[in-house]
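Written out below as structure tokens is the structure these notes cover.
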Amino acid sequence: MGRCVKILFGSLSIIVALIAIGIGYLKMNDFYRQKLFARFLNKISDPNNTAMMDIRCNQLLKHSNVKGQVLEIGSGTGINFPCLHNNTNIQSYIGIEPNVQTYSYFYDFIKQWDKIPYEIHLLNDSATDMHEVKSNSIDTVIMTLVLCSIPDPLPEKVLLEVHRILKPGGKFIFFEHTSANYENDPFIYGFQRMIEPVWAIIGDGCRFKPITNYFDAMKNVYSKVEYQRSDMPTPLFFIKDAVKGQLIK
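Numbering-wise (the UniProt record's numbering), the sequence shown opens with residue 1 and increments by one.
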């Protein structure tokens, strides 16, 4: 019995050590971390998740909301295209995506629609400095589940950059997961704090943050800032709180 316990604990120690080595390697190697995240993102971006796609297509990205020159921050693997591919109100689409490992997944995914009625361009830019995009040139900016991966204090810089590129009256539409509230759910809040260092490596920088603080800081910049709390339709029990809304220039 004692020998079995020693073997069991020895095996577990080896497994834990290998996992730690793997995580440490990913932390130091941007190329493989981004490659792994692109594959992970492609797996979890499920167009058959009807609850999530309802939020994306019927609540956020209705054809009447998304029009003109459209720019998406964090185009990823193209998961928003079931909502966008047949929108004749769109004149052009620019995807801002610094992780080039996602590009092949993006183009493979949108191939299923033969005739998308507008041009599509992906730019390997940072959302903090979209220097290839002219000021006052974009009608609609989209961002879904991206802001968590932008390290502080850069999220506010992103929102200011969005304000720069938007035309007067242009919309910035967003859906983001946010950190749990300690008073309402101390267990989930504590669990998020515990796993965050590892989660940030696996999730290419994603952290559990009070996202609404960034939008509140823009109330003196945009003409309108509006958002509401939402549930996150995901099987991951520790990612349940979300926020959706829009900023208008």
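The beta-carbon is built from N, C-alpha and C at its ideal position, and this holds for glycine as well.
With contacts defined by Cβ atoms closer than 9 Å, residue 70 and residue 139 form a contacting pair. Excluding the 5 residues flanking it on each side, residue 100 has same chain C-beta neighbours closer than 7 Å at 124, in chain order.
As the crow flies, the alpha-carbon of residue 61 is around 17 Å from that of residue 120.
For residue 136, the closest C-alpha among the options 126, 156, 220 and 171 is that of 171.
Taking one beta carbon from each stretch, the segment 220-234 and the segment 189-204 have fewer than 3 pairs nearer than 8 Å; the two do not touch. No residue range can be given for residue 134, since it is assigned to no beta strand (DSSP E) and is classified by DSSP as neither H nor E. By the Cβ criterion, the segment 127-134 is not in contact with the segment 109-119, since fewer than three pairs of Cβ atoms, one from each stretch, lie closer than 8 Å. By the C-beta density criterion, residue 78 is buried, having at least 16 other C-beta atoms within 10 angstroms. If you draw a straight line from the Cα of residue 97 to the Cα of residue 146, it comes to about 10 Å. Annotated three-state conformation of residue 139 is strand, per DSSP.
Residues of the same chain with a CB within less than 6 Å of the CB of residue 175, apart from the 5 flanking positions on each side, are 60, 144 and 244 in chain order. Under the criterion of beta carbons closer than 8 Å, residue 75 and residue 122 qualify as touching, at roughly 6 Å.
Rounded to whole angstroms, the gap between the alpha carbons of residue 241 and residue 91 is 33 Å. Per DSSP, reduced to three states, the secondary structure at residue 111 is coil, with no helix or strand assignment.
Each of 181, 208, 215 and 178 was checked against the Cα of residue 157, and the nearest Cα belongs to 215.
Per DSSP, reduced to three states, the secondary structure at residue 209 is coil, with no helix or strand assignment. The continuous beta strand (DSSP E) containing residue 93 extends over residues 90-96. Excluding residues up to 5 positions away in sequence, 204 lie with their Cβ nearer than 6 Å to the Cβ of residue 37 in the same chain. For the pair residue 211 and residue 234, the CB atoms are not nearer than the 9 Å cut-off. Residue 63 and residue 173 have their C-alpha atoms roughly 13 Å apart.
The alpha carbon of residue 155 has as its nearest neighbour, out of 84, 126 and 181, the alpha carbon of 126. Contact between residue 141 and residue 166 holds, with the beta-carbon distance rounding to 6 Å and staying under 8 Å.
Ranking 85, 41 and 163 by CA distance to the CA of residue 219 puts 163 first.
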